[in-house]
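K.L.:
This is the structure I want to talk about, given as structure tokens.
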Amino acid sequence: FEREDPADAVYRFGKLHGLYDWQRRQILGNVCESSSLTCHRNDALLWSAPVSIGKSGDTEEKIVEFELLEGVEAADAVDSFVREYELSEEYRKLILN
């Protein structure tokens, strides 16, 4: 887990030891303030998957990463992703299923 973001490591540690969210957040804050680690985000990455977009007519295929972060509802994450990349409703349905 050498390249793991501290938010993910603290999340796993907290779940393993039955910590409350506020306890995990406190630990993460301490880690980010007092270590040589670089903290890129405050929320754990719960799930991610590559999504192929484009390749319609003159558009080249592009692979982008869909990410579901702790504290974000899956449907909200999909809606944001679809809006960000200006994708069709079909993409939204495919990601949710």
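Residue numbers (my numbering): 310 to 406. Using N, Cα and C, we set each Cβ at its ideal position, and we do this for glycine too.
Going straight from the alpha carbon of ARG333 to that of VAL381, what length do you get?
P.N.:
Taking the straight line from one Cα to the other gives about 17 Å.
K.L.:
Going by DSSP, what residue range makes up the alpha helix (DSSP H) through GLU399?
P.N.:
Element bounds for GLU399: 398 to 405.
K.L.:
Using the DSSP secondary-structure output, state which residues sit across from VAL360 in a beta bridge.
P.N.:
Its beta-bridge partners are VAL373.
K.L.:
Just mark TYR329 as buried or exposed, buried being the case when its beta carbon has 16 or more other beta carbons within 10 Å.
P.N.:
Result: exposed.
K.L.:
DSSP three-state call for LEU346: helix, strand or coil?
P.N.:
It is coil, neither helix nor strand.
K.L.:
What's the gap between the Cα of LEU403 and the Cα of PHE390?
P.N.:
Approximately 12 Å, taken between the alpha carbons.
K.L.:
Three or more C-beta pairs under 8 Å: does that hold for the segment 343 to 355 against the segment 315 to 322?
P.N.:
Cβ pair count under 8 Å is three or more, so yes.
K.L.:
With a Cβ-Cβ cutoff of 7 Å, do GLY363 and GLU374 count as a contact?
P.N.:
In this structure, GLU374 does not lie closer than 7 Å to GLY363 by Cβ.
K.L.:
Can you pull the DSSP bridge partners for LEU354?
P.N.:
Paired residues: LEU378.
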